[in-house]
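Okay, so here's the structure we're looking at.
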Amino acid sequence: MGPLIPLGIIDSSWNNVFAILIGIAFGFILESSGFSSSRKLAGVFYGYDFTVLKVFFSAAITAAIGLYYFYFLGWIDITMIYVNPTYLGSAIVGGIIMGLGFIMGGYCPGTSYCGAAIGKIDAIVYSVAMMAGIFLFSEFYPFFEDFYNSGSLGNVTVYDTLGISVSLFMIILIVIALVAFYVTSLIQKKVKKVEY
Amino acid sequence: MGLLLLVTFYITGRGLGASGAAKSTVVATINKVAPEHAQESTYYSKFISDDNHPLNQWLVFEVIGILAGALLSGALSNRLKFKVEHSPKITSGRRLVFAALGGLAFGIGSQFGRGCTSGAALSGMASLALGGFIAMLSIFGSAYVFAYFFRKNWI
């Protein structure tokens, strides 16, 4: 019965050991998928390389389906799975600023670590600047504390918000993903190749 | 990737992350350099406790793993090399300026969003959190909108 550490089946002293092992696997997968390259990552926004979209979308769906399979089979206590809280305004504004950062910098935090690990100087600069950004946010936090905490909806799931069953939502999500994979493969054929 | 994310949820009850480790590094640095300032700050003080060092966080260990895993993958496929990767149409100086601006913006945005592409969007979508889908749509939506203005850097 999982999740193993929150339920005490594996002692919590193992938590950081698993953190390193999981991190190694995560870093290895990101780097070997080519995500240490900002030019490959930016491809998703200009139509010449949709690998990011495919890996990202299929990973989220695989994990979501797996979790609910485990739940239906009684292998996991789904109430112990962390559903991150939603703060509507702050989440949207944060996402917009991150999107701007993504297209200017060519990386997101996780992929910048991968680029930095294999010697990409632009990725090292990005990672350091990211910490500077977090520092700026922290120093000016009192100015937007109210906004940061506004619009709290709690730890809600998307299917509850939409008022549909989890199974129906999952089917809709899979259909959207399949359509997106097909359409992007058509786009990629039409867009001029970029060598990198 | 999906299977790794599933295993992570099955073992730890939560997903993957990345920007949280950078936040912990900033908090630990400020707490070391200016402890009084860190204690008084309403933001840093959320992440400081007496019985736990700010760097003793799951995500910090996970990111150490990410660096090691990426290094290993890069070494196996002969990609280890110090260089500035950029489009042939721009200089490496321009690339570095935009990398810095992008990092700065992403750092600020990840605090408003309470997590980045990994923690908020990817892991949030896997646990079917509303916030995960909002993060994914707003990050990618905004990047598509802004992509037009920065196209010279990439294509």
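Residue numbers (our numbering), protein chains in the order written: chain E, 883 to 1078; chain D, 5 to 159.
C-beta atoms are modelled at their ideal positions from N, C-alpha and C, and glycine is treated no differently.
Model, not experiment: these values are computed from the prediction.
Under 8 Å from the C-beta of residue i: neighbouring residues of chain E
i, result
"Glu66 (chain D)", "Ala901, Ile902, Ile904, Gly905, Phe908"
Test: residue i CB closer than 8 Å to a CB of chain D
i, result
"Asp893 (chain E)", "no"
"Asp931 (chain E)", "no"
"Met980 (chain E)", "yes"
"Ser1047 (chain E)", "no"
"Ser919 (chain E)", "yes"
"Val1010 (chain E)", "yes"
"Leu955 (chain E)", "no"
"Ala973 (chain E)", "yes"
"Tyr989 (chain E)", "yes"
"Asp1028 (chain E)", "no"
"Leu1018 (chain E)", "yes"
Below-8 Å beta-carbon distance, residue i vs any chain E residue
i, result
"Lys27 (chain D)", "yes"
"Ser49 (chain D)", "no"
"Gln115 (chain D)", "yes"
"Arg18 (chain D)", "yes"
"Glu89 (chain D)", "yes"
"Ser53 (chain D)", "no"
"Ala32 (chain D)", "no"
"Ile94 (chain D)", "no"
"Ala38 (chain D)", "no"
"Leu126 (chain D)", "yes"
"Lys156 (chain D)", "no"
"Leu59 (chain D)", "no"
Residue from the options whose Cα sits closest to the Cα of residue i
i, options, result
"Gly117 (chain D)", "E:Pro1024, E:Leu889, E:Gly971, E:Thr1043", "E:Gly971"
"Ala130 (chain D)", "E:Glu1077, E:Gly976, E:Val1048", "E:Val1048"
"Lys1002 (chain E)", "E:Thr1039, E:Tyr964, E:Gly987, E:Leu1068", "E:Gly987"
"Val67 (chain D)", "D:Ser23, D:Ile138, D:Arg18, D:Met140", "D:Ser23"
"Ile911 (chain E)", "E:Leu949, E:Glu1027, E:Ala941", "E:Ala941"
"Glu1077 (chain E)", "E:Ser920, E:Ser914, E:Ser895, E:Leu982", "E:Ser920"
"Tyr989 (chain E)", "D:Phe137, D:Ile143, D:Leu80, D:Ile138", "D:Ile143"
"Ala139 (chain D)", "E:Ser994, E:Glu1027, E:Asn966", "E:Asn966"
"Asn157 (chain D)", "D:Ala103, D:Ala133, D:Gly128", "D:Ala103"
"Asn56 (chain D)", "D:Val37, D:Ala32, D:Ser77, D:Ala74", "D:Ala32"
"Lys85 (chain D)", "D:Lys93, D:Leu75, D:Gly145", "D:Leu75"
Beta-carbon neighbours of residue i, restricted to chain E and to distances below 9 Å
i, result
"Gly97 (chain D)", "In chain order: nothing, as chain E lies at least about 11 Å away."
Within 8 Å, strictly: CB atoms of residue i and residue j
i, j, result
"Leu1044 (chain E)", "Thr968 (chain E)", "no"
"Gly909 (chain E)", "Gly69 (chain D)", "yes"
"Ala151 (chain D)", "Tyr928 (chain E)", "yes"
"Leu9 (chain D)", "Ala945 (chain E)", "yes"
"Pro1024 (chain E)", "Thr29 (chain D)", "no"
"Ala1011 (chain E)", "Gly123 (chain D)", "no"
"Gly111 (chain D)", "Met1052 (chain E)", "no"
For residue i, three-class secondary structure by DSSP
i, result
"Gly113 (chain D)", "helix"
"Asn897 (chain E)", "helix"
"Leu1035 (chain E)", "strand"
"Asn56 (chain D)", "strand"
"Thr968 (chain E)", "strand"
"Gly119 (chain D)", "coil"
"Lys50 (chain D)", "helix"
"Ile906 (chain E)", "helix"
"Ile947 (chain E)", "helix"
"Gly884 (chain E)", "strand"
"Ile963 (chain E)", "coil"
"Lys1074 (chain E)", "coil"
"Ala22 (chain D)", "coil"
"Lys1002 (chain E)", "strand"
"Ala133 (chain D)", "strand"
Contact list for residue i against chain D, beta-carbon separation under 9 Å
i, result
"Lys936 (chain E)", "The premise fails here: Lys936 (chain E) is roughly 10 Å from chain D at the closest Cβ pair, so nothing lies under 9 Å."
"Leu886 (chain E)", "Tyr14, Ile15, Thr16, Gly17"
Under 7 Å from the C-beta of residue i: neighbouring residues of chain E
i, result
"Ile143 (chain D)", "Gly977, Met980, Gly981, Phe984"
"Leu10 (chain D)", "Thr944, Ala945, Gly948, Leu949"
Within chain D, partners of residue i - CB distance below 7 Å
i, result
"Tyr964 (chain E)", "Gly17, Arg18, Ser131"
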